[in-house]
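Visitor:
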Amino acid sequence: LPGDEGRRWLFPAAEATLKLDAGAAGFSLPVSLRQLDDAQLRLWAARGWLDPRYAADPHRRLVALDDARASLDARVRSYLDANCAGCHRPGGVARSQFDARFDTPLERAGLLSAEPVGGDLGVAGARLVVPGAPDKSILVLRLIDGGPFRMPPFGVHHEPAPVVPLLEAWIRAMR
Numbered sequence: 004l005p006g007d008e009g010r011r012w013l014f015p016a017a018e019a020t021l022k023l024d025a026g027a028a029g030f031s032l033p034v035s036l037r038q039l040d041d042a043q044l045r046l047w048a049a050r051g052w053l054d055p056r057y058a059a060d061p062h063r064r065l066v067a068l069d070d071a072r073a074s075l076d077a078r079v080r081s082y083l084d085a086n087c088a089g090c091h092r093p094g095g096v097a098r099s100q101f102d103a104r105f106d107t108p109l110e111r112a113g114l115l116s117a118e119p120v121g122g123d124l125g126v127a128g129a130r131l132v133v134p135g136a137p138d139k140s141i142l143v144l145r146l147i148d149g150g151p152f153r154m155p156p157f158g159v160h161h162e163p164a165p166v167v168p169l170l171e172a173w174i175r176a177m178r
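Okay, so the sequence shown: first residue is 4 according to this note's numbering, each after it adds one.
1) Would L170 and V79 qualify as a contact pair, given that the criterion is a beta-carbon distance under 7 angstroms?
2) Answer with yes or no whether the minimum CB distance from A67 to chain C is below 7 angstroms.
3) Taking the alpha-carbon positions, what's the P134 to R111 distance?
4) Tell me whether the beta-carbon of A88 lies closer than 7 angstroms to the beta-carbon of A103.
5) Which term fits G95, buried or exposed, when burial requires 16 or more other beta carbons within 10 angstroms of its beta carbon?
6) Beta carbon of D41, beta carbon of L65: below 7 angstroms?
7) Where do the N-terminal and C-terminal ends of the alpha helix (DSSP H) with S99 fall, by residue?
8) Taking a contact to mean a Cβ-Cβ separation below 7 angstroms, would you say L124 touches L144 in this structure?
9) Identify the continuous alpha helix (DSSP H) that holds W47 and give its terminal residues.
10) Within its chain, find whatever has a CB closer than 7 angstroms to the CB of A117; leave out the 5 residues flanking it on each side and keep chain order.
11) P137: which of R178, G122, V120 and P155 sits nearest, CA to CA?
In structure tokens form, the structure reads like this:
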């Protein structure tokens, strides 16, 4: 691929990817209507891929990380919904049983001060999210980990996810 030749990517074997997707969603990772903008919804409805009622549905849409008009909470929660909720949701395949869906109230999502199921990565006092302390929050640490505990576990490059600075600010604001 053109660009930075120093960038390294992780692509697991097809068997691992299919196994993950099959467990999470039946075959492929899900796309929710919240991830699509109005133009995409209208196009899908016009092509017969979507019931037109859903194209006009005023449900809450996810926002982009760089959308300065949106709140920090909306940007972080949108990222978690689009990138984590396929596995981290009720009935999902992830060992850590938090709910990353956008519409789940934070106080019911199982993130705040929850003990990590997959280990503390050697950080004393680590929890999934420690309000005010991103350096003790597994949600951040898994995104920047370069080893086997990295999240998401597939199709990622070896650079920190673009959400990390926003996620750290979001957690610091929870004091």
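Here a beta-carbon is modelled for each residue, glycine too, at the ideal position from N, C-alpha and C.
Guide: According to the structure data:
1) Residue mapping note: residue 170 aligns to position 167 of the sequence shown, counting from 1. Residue mapping note: residue 79 aligns to position 76 of the sequence shown, counting from 1. Contact: yes.
2) The chain inventory of the structure shown lacks chain C, comprising one protein chain alone.
3) The residue labelled residue 134 in the question sits at position 131 within the sequence shown. The residue labelled residue 111 in the question sits at position 108 within the sequence shown. Taking the straight line joining both Cα atoms gives about 15 angstroms.
4) Working through the sequence shown from its first residue, we reach residue 88 at position 85. Working through the sequence shown from its first residue, we reach residue 103 at position 100. It is a contact, given that the beta carbons lie within the stated cut-off.
5) Here residue 95 refers to the residue found at position 92 when the sequence shown is read from its first residue. Per the 10 Å Cβ criterion, buried.
6) Residue numbering aside, residue 41 sits at position 38 when the sequence shown is read from its first letter. Residue numbering aside, residue 65 sits at position 62 when the sequence shown is read from its first letter. Contact: no.
7) Here the question's residue 99 lines up with position 96 in the sequence shown. Run containing S99: none; DSSP gives neither H nor E here.
8) For the purposes of this step, residue 124 is identified with residue 121 of the sequence shown, where counting begins at 1. For the purposes of this step, residue 144 is identified with residue 141 of the sequence shown, where counting begins at 1. Result yes, Cβ atoms of L124 and L144 sit closer than 7 angstroms.
9) For the purposes of this step, residue 47 is identified with residue 44 of the sequence shown, where counting begins at 1. Residues D41 to A49.
10) Position 114 of the sequence shown, counted from the start, is the residue given in the question as residue 117. Correct list, in chain order: F101, R130 and L131.
11) Counted from its first residue, the sequence shown places residue 137 at position 134. Cα-wise, what sits closest to P137 is R178.
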